[in-house]
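Remarks on the structure that follows.
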Amino acid sequence: MYWPYLVVLVLLFGLLMLSMRNRRRQAAAELVRAEQITFGTEVMTTSGLYGTVVAKNDDGTVQLAIAPGVQVRWALAALRDASSLPQQYRQGIGGADADGTGGSDTAEGPGQST
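Numbering-wise, the working numbering comes out as the position in the sequence shown, counting from 1, plus 32.
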(Lines of atoms letter the chains of each structure in order from A; the text may use other names.)
(Lines give C-alpha, C1' and ligand atoms only; values in the text may rest on other atoms or scores of the structure.)
Protein backbone atom coordinates (compact mmCIF):
# COMPACT_ATOMS: atom_id res chain seq x y z
CA MET A 33 0.00 0.00 0.00
CA TYR A 34 2.92 2.35 0.67
CA TRP A 35 5.07 1.19 -2.24
CA PRO A 36 3.88 3.92 -4.71
CA TYR A 37 5.08 6.57 -2.25
CA LEU A 38 8.31 4.72 -1.76
CA VAL A 39 8.94 4.62 -5.54
CA VAL A 40 8.33 8.36 -5.81
CA LEU A 41 10.70 9.05 -2.90
CA VAL A 42 13.41 6.86 -4.43
CA LEU A 43 13.04 8.65 -7.78
CA LEU A 44 13.24 12.09 -6.14
CA PHE A 45 16.30 11.05 -4.16
CA GLY A 46 17.95 9.75 -7.36
CA LEU A 47 17.28 13.02 -9.16
CA LEU A 48 18.70 14.97 -6.23
CA MET A 49 21.90 12.90 -6.26
CA LEU A 50 22.25 13.32 -10.04
CA SER A 51 21.82 17.08 -9.72
CA MET A 52 24.46 17.31 -6.98
CA ARG A 53 26.89 15.26 -9.09
CA ASN A 54 26.43 17.57 -12.07
CA ARG A 55 27.00 20.66 -9.92
CA ARG A 56 30.23 19.21 -8.55
CA ARG A 57 31.45 18.50 -12.10
CA GLN A 58 30.64 22.03 -13.22
CA ALA A 59 32.42 23.52 -10.20
CA ALA A 60 35.52 21.41 -10.89
CA ALA A 61 35.51 22.42 -14.57
CA GLU A 62 35.16 26.09 -13.60
CA LEU A 63 38.12 25.81 -11.22
CA VAL A 64 40.31 24.25 -13.92
CA ARG A 65 39.25 26.93 -16.44
CA ALA A 66 40.03 29.72 -13.95
CA GLU A 67 43.48 28.28 -13.24
CA GLN A 68 44.31 28.24 -16.97
CA ILE A 69 43.78 31.99 -17.26
CA THR A 70 47.10 33.56 -16.27
CA PHE A 71 49.25 36.57 -17.18
CA GLY A 72 49.45 36.95 -20.97
CA THR A 73 46.44 34.74 -21.74
CA GLU A 74 44.24 36.03 -24.54
CA VAL A 75 40.61 35.90 -23.43
CA MET A 76 37.11 36.81 -24.52
CA THR A 77 34.58 38.09 -22.02
CA THR A 78 31.06 36.68 -21.93
CA SER A 79 29.92 39.91 -23.61
CA GLY A 80 32.37 39.51 -26.51
CA LEU A 81 35.19 41.88 -25.50
CA TYR A 82 38.65 40.54 -26.39
CA GLY A 83 41.73 41.29 -24.31
CA THR A 84 44.96 40.03 -22.79
CA VAL A 85 45.34 39.36 -19.07
CA VAL A 86 47.95 41.71 -17.59
CA ALA A 87 47.26 41.08 -13.88
CA LYS A 88 45.37 38.54 -11.79
CA ASN A 89 44.03 39.90 -8.49
CA ASP A 90 43.37 38.00 -5.25
CA ASP A 91 39.70 39.02 -5.21
CA GLY A 92 38.77 36.93 -8.27
CA THR A 93 39.25 39.70 -10.82
CA VAL A 94 41.77 40.32 -13.58
CA GLN A 95 43.09 43.36 -15.40
CA LEU A 96 42.63 43.10 -19.16
CA ALA A 97 44.53 45.12 -21.73
CA ILE A 98 41.98 45.82 -24.47
CA ALA A 99 43.96 48.48 -26.36
CA PRO A 100 47.39 50.08 -25.99
CA GLY A 101 47.33 51.92 -22.67
CA VAL A 102 43.76 50.82 -21.82
CA GLN A 103 43.20 48.36 -18.99
CA VAL A 104 39.88 47.27 -17.55
CA ARG A 105 38.95 45.13 -14.58
CA TRP A 106 36.80 42.02 -15.12
CA ALA A 107 35.55 39.22 -12.91
CA LEU A 108 37.36 35.97 -13.63
CA ALA A 109 34.01 34.19 -13.95
CA ALA A 110 33.16 36.38 -16.97
CA LEU A 111 36.19 35.26 -19.02
CA ARG A 112 36.81 32.44 -21.47
CA ASP A 113 40.27 31.37 -22.57
CA ALA A 114 40.59 32.17 -26.27
CA SER A 115 42.14 28.80 -27.07
CA SER A 116 38.98 27.08 -25.81
CA LEU A 117 36.74 29.11 -28.14
CA PRO A 118 35.53 27.89 -31.54
CA GLN A 119 37.46 29.31 -34.50
CA GLN A 120 34.65 31.69 -35.48
CA TYR A 121 35.03 33.53 -32.16
CA ARG A 122 38.84 33.67 -32.28
CA GLN A 123 38.84 35.92 -35.35
CA GLY A 124 39.04 39.10 -33.27
CA ILE A 125 42.20 37.94 -31.50
CA GLY A 126 45.69 38.61 -32.78
CA GLY A 127 44.96 41.73 -34.81
CA ALA A 128 43.00 40.07 -37.63
CA ASP A 129 39.68 41.51 -38.73
CA ALA A 130 36.65 39.40 -39.51
CA ASP A 131 37.74 39.37 -43.18
CA GLY A 132 41.21 38.11 -42.16
CA THR A 133 43.14 41.08 -43.55
CA GLY A 134 44.45 42.34 -40.21
CA GLY A 135 43.63 45.92 -41.14
CA SER A 136 42.84 48.85 -38.90
CA ASP A 137 39.50 49.24 -37.16
CA THR A 138 39.48 53.02 -37.47
CA ALA A 139 36.94 54.69 -39.68
CA GLU A 140 37.73 57.76 -41.73
CA GLY A 141 35.79 60.81 -40.76
CA PRO A 142 34.71 63.68 -43.03
CA GLY A 143 37.68 65.40 -44.58
CA GLN A 144 40.12 62.68 -43.50
CA SER A 145 41.93 60.52 -45.96
CA THR A 146 44.83 58.13 -45.83
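Each residue gets a CB set at the ideal place from its N, CA and C atoms; glycine is no exception.
Residue burial classification, V42 (beta-carbon count within 10 angstroms, cutoff 16): Indexing the sequence shown from 1 puts residue 42 at position 10. So V42 counts as exposed.
C-alpha gap between D91 and M52, whole angstroms: The residue given as residue 91 occupies position 59 in the sequence shown. The residue given as residue 52 occupies position 20 in the sequence shown. Those two C-alpha atoms are separated by around 27 angstroms.
T78 versus W106: straight-line alpha-carbon distance, rounded: Stepping through the sequence shown from its first residue, residue 78 is reached at position 46. Stepping through the sequence shown from its first residue, residue 106 is reached at position 74. In a straight line, the C-alpha of T78 is about 10 angstroms away from that of W106.
Spatial distance of A61 from Q68 (CA atoms): Numbered from its first residue, the sequence shown carries residue 61 at position 29. Numbered from its first residue, the sequence shown carries residue 68 at position 36. Rounded to whole angstroms, A61 to Q68 spans 11 angstroms at the Cα level.
8 angstroms Cβ shell around L47 - same chain, five flanking residues per side excluded: Within the sequence shown, numbered from 1, the residue matching residue 47 stands at position 15. Result list for L47: empty, nothing under 8 angstroms.
Assigned secondary structure, M33 (DSSP; H/G/I helix, E/B strand, else coil): Position 1 of the sequence shown, counting from 1, holds the residue named residue 33. DSSP places M33 in coil when its eight states are reduced to three.
First through last residue of the beta strand (DSSP E) which encompasses G77: Position 45 of the sequence shown, counted from the start, is the residue given in the question as residue 77. According to the sequence displayed, residue 77 carries Thr and not Gly. It spans E74 to T77 - the beta strand (DSSP E) in which T77 sits, taken as one unbroken run.
Pick from T70, F45 and V102 that is closest to R112, judged by C-alpha positions: The residue labelled residue 112 in the question sits at position 80 within the sequence shown. Of the listed residues, the one whose Cα sits closest to R112 is T70.
Sequence-distant residues of the same chain with beta carbon closer than 6 angstroms to R65, five excluded per side: Here residue 65 refers to the residue found at position 33 when the sequence shown is read from its first residue. Answer for R65: no residue qualifies.
Limits of the beta strand (DSSP E) - the one that T70 falls within: In the sequence shown, residue 70 corresponds to position 38, counting from 1. Boundaries cannot be given for T70, as no beta strand (DSSP E) includes it and DSSP labels it neither H nor E.
L81 - DSSP class collapsed to helix/strand/coil: The count along the sequence shown starts at 1 and reaches residue 81 at position 49. Residue state, collapsed to three classes: coil.
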